[in-house]
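Everything on this sheet refers to the single structure shown next.
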Amino acid sequence: SLRVDIQSGERKSLPDFKSEAFAASLARLIRARRQPNLRNVINATGIIIHTNLGRARLAPEALAAMQAVGGGYSNLEFDLDSGKRGSRYAHVDSLICDLTGAEAAIVVNNCAAAVLLSLMATAQGRKVIVSRGELIEIGGAFRLPDVIQQSGAILKEVGATNKTRASDFEQAIDDETAVLLKSHTSNFRIIGFTHAPRREDLASLACKSNTILMEDLGSGVLVDLSGYGLTDEPIVSDILKAGVDLVMFSGDKLLGGPQAGIIAGRADLVSRLKSHPLCRALRLDKLSLAALEATLRLYQEPNDPFQRIPVLQALAQSVEAVHARAVRLTNELTGAGLGDVMLAQSTAYVGGGALPQQGLESRAVSVSSPYFTADALAAALRAAVPPIVGLIRDDRFLLDARTISDEDIPAIIEAFRSVCGP
Numbered sequence: 007s008l009r010v011d012i013q014s015g016e017r018k019s020l021p022d023f024k025s026e027a028f029a030a031s032l033a034r035l036i037r038a039r040r041q042p043n044l045r046n047v048i049n050a051t052g053i054i055i056h057t058n059l060g061r062a063r064l065a066p067e068a069l070a071a072m073q074a075v076g077g078g079y080s081n082l083e084f085d086l087d088s089g090k091r092g093s094r095y096a097h098v099d100s101l102i103c104d105l106t107g108a109e110a111a112i113v114v115n116n117c118a119a120a121v122l123l124s125l126m127a128t129a130q131g132r133k134v135i136v137s138r139g140e141l142i143e144i145g146g147a148f149r150l151p152d153v154i155q156q157s158g159a160i161l162k163e164v165g166a167t168n169k170t171r172a173s174d175f176e177q178a179i180d181d182e183t184a185v186l187l188k189s190h191t192s193n194f195r196i197i198g199f200t201h202a203p204r205r206e207d208l209a210s211l212a213c214k215s216n217t218i219l220m221e222d223l224g225s226g227v228l229v230d231l232s233g234y235g236l237t238d239e240p241i242v243s244d245i246l247k248a249g250v251d252l253v254m255f256s257g258d259k260l261l262g263g264p265q266a267g268i269i270a271g272r273a274d275l276v277s278r279l280k281s282h283p284l285c286r287a288l289r290l291d292k293l294s295l296a297a298l299e300a301t302l303r304l305y306q307e308p309n310d311p312f313q314r315i316p317v318l319q320a321l322a323q324s325v326e327a328v329h330a331r332a333v334r335l336t337n338e339l340t341g342a343g344l345g346d347v348m349l350a351q352s353t354a355y356v357g358g359g360a361l362p363q364q365g366l367e368s369r370a371v372s373v374s375s376p377y378f379t380a381d382a383l384a385a386a387l388r389a390a391v392p393p394i395v396g397l398i399r400d401d402r403f404l405l406d407a408r409t410i411s412d413e414d415i416p417a418i419i420e421a422f423r424s425v426c427g428p
């Protein structure tokens, strides 16, 4: 490193190799090299399902299941009753069906893969009709038209950006049409002069025209969130009851499990997906299957998923509980003399492309330091162990208490001490 710096002109002279400062610099370098690239961070952003920070936190039961399966051999593809080869899907498909009312289910490695497999197995070389207002782009610039193209299907756009009717779909159907595709606009909203066809109407049209109605739900939720002020996220079971043939949704968003793409619906269609060659390339690994099964079981009686699944806990926790946590953190930072600290109103969000315009009332701890700009303080805290990721507002660093746990507070105090202390 020194040689490179000298050759580039960034350093003019050698350090004192016998000095404590040089030894300390080597120690820092060694610690940095030995530190894992993928590591735990404290999420103080107020975004519950933060894609850049790993999306859903897993329940303790899911972590324990991964540990148990990963630490030894398992019956991943072995039927213990018959002693013969089994199916990895059998560990979760009946659970998904029980929770959604679907006839059958299959799981792949993410929701984009679920859409790709579903279209490739049912519409390759044929037309897929989509409303122009639902040609969505998801994170990382992946666009639905590109997924359709890669599946080998032919995209047929209908309607307008803000208004599409069932009659637009009906007029576009011909002998080459295989799928009517509905996509939940979970990461944006079109408001004002708008119209979208009812699922029931599209289901009736699909039945009449011998086509398949699919819905890319994106996030996907198994329980009603309206009691917590979140009203725009449809429940998977309701979508299937409306007549949708196949619905695809994520495992690591509102479901609260590991990364997965869940496909639920008609048994004959799921059977076609399972037998498609692409299915093996997109299959879920044993650790994710173990975590998904454990998460799904937390939705069954006598469990209350709002008490057991971290994503739903964060959504459901009261403003009073969030306020109390923010007060505790404010008091501890103030008592330690670690900057100008204030309690602030805040708005938290679900994140992960879900419910973008519906905020959750929250509280935040607002900090400024005479020795750092807000950007410099944020950078220093990202370099802490563990890293702390927060917000900057009005030249102050904010820690939203809705995504901080009580167990995080000692680590936050220690990080501020290392950065802002004497």
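Plus 6 on top of the position in the sequence shown (first one is 1) and you've got my numbering. Virtual Cβ for every residue (Gly too), placed ideally from N, Cα, C.
Contact check between the segment 106-121 and the segment 164-172: fewer than three CB pairs, one atom from each, fall below 8 Å, which does not count as touching. Annotated three-state conformation of arginine 37 is helix, per DSSP. When rounded, the separation of the alpha-carbon atoms in alanine 29 and isoleucine 394 is 28 Å. Rounded to the nearest angstrom, the Cβ distance from leucine 288 to leucine 123 is 6 Å, consistent with a contact under 8 Å. When DSSP states are grouped into helix, strand and coil, threonine 167 belongs to the coil group.
By the criterion of at least three beta-carbon pairs nearer than 8 Å, the segment 133-141 is not in contact with the segment 295-315. Assignment of valine 250 by DSSP, reduced to helix, strand and coil, places it in the coil class. The beta carbon of leucine 219 sits closer than 6 Å to those of Leu186, Leu208, Ala209, Ala212, Val250 and Asp251, all from its chain and outside the five residues before and after it, given in chain order. Given a length threshold of 3 residues, each whole run of the beta strand (DSSP E) inside the segment 50-113 is given here in chain order: 53-55.
In the DSSP assignment, leucine 366 is bridged to Ala354. Here glutamine 265 is buried, its C-beta having at least 16 other C-beta atoms within 10 Å. Annotated three-state conformation of alanine 266 is coil, per DSSP. In the DSSP assignment, lysine 162 is bridged to Ile135. Under the DSSP assignment, phenylalanine 403 falls in the beta strand (DSSP E) whose first and last residues are 402-406.
Secondary structure of leucine 44 (DSSP, three-state): coil. DSSP places aspartate 174 in the uninterrupted alpha helix (DSSP H) bounded by 172-178.
Under a 10 Å Cβ-count criterion, asparagine 216 is classified as exposed, with fewer than 16 other Cβ atoms of the shown protein chains found around its own Cβ. With at least 16 other beta carbons inside 10 angstroms of its own, phenylalanine 403 counts as buried. Our two residues, histidine 329 and aspartate 400, have alpha carbons roughly 21 Å apart in a direct line. Contact annotation: the segment 380-389 does not touch the segment 21-40, with fewer than three C-beta pairs closer than 8 Å. Distances from the alpha-carbon of serine 424 to those of Gly358, Leu344 and Ala172 put Leu344 closest. Looking at the backbone, the Cα of tyrosine 305 and that of tyrosine 377 are separated by about 48 Å. Under a 10 Å Cβ-count criterion, tyrosine 79 is classified as exposed, with fewer than 16 other Cβ atoms of the shown protein chains found around its own Cβ. Ranked by Cα distance from aspartate 414, the first of Leu397, Asp11, Asp22 and Val47 is Val47. In the DSSP secondary-structure assignment, histidine 201 is bridged to Lys169.
Valine 395 has Asn49 as its beta-bridge partners, per DSSP. Partner residues in the beta bridge of leucine 186, as assigned by DSSP, are Ile135 and Leu219.
The Cβ atoms of glycine 224 and valine 253 lie no closer than 8 Å to each other. Contact between the segment 335-355 and the segment 53-61 is established, with three or more Cβ pairs separated by less than 8 Å. Distance from leucine 405 to alanine 370 at the Cβ level is roughly 6 Å; contact confirmed, criterion being Cβ atoms closer than 8 Å. The alpha-carbon separation between proline 316 and asparagine 49 amounts to approximately 13 Å.
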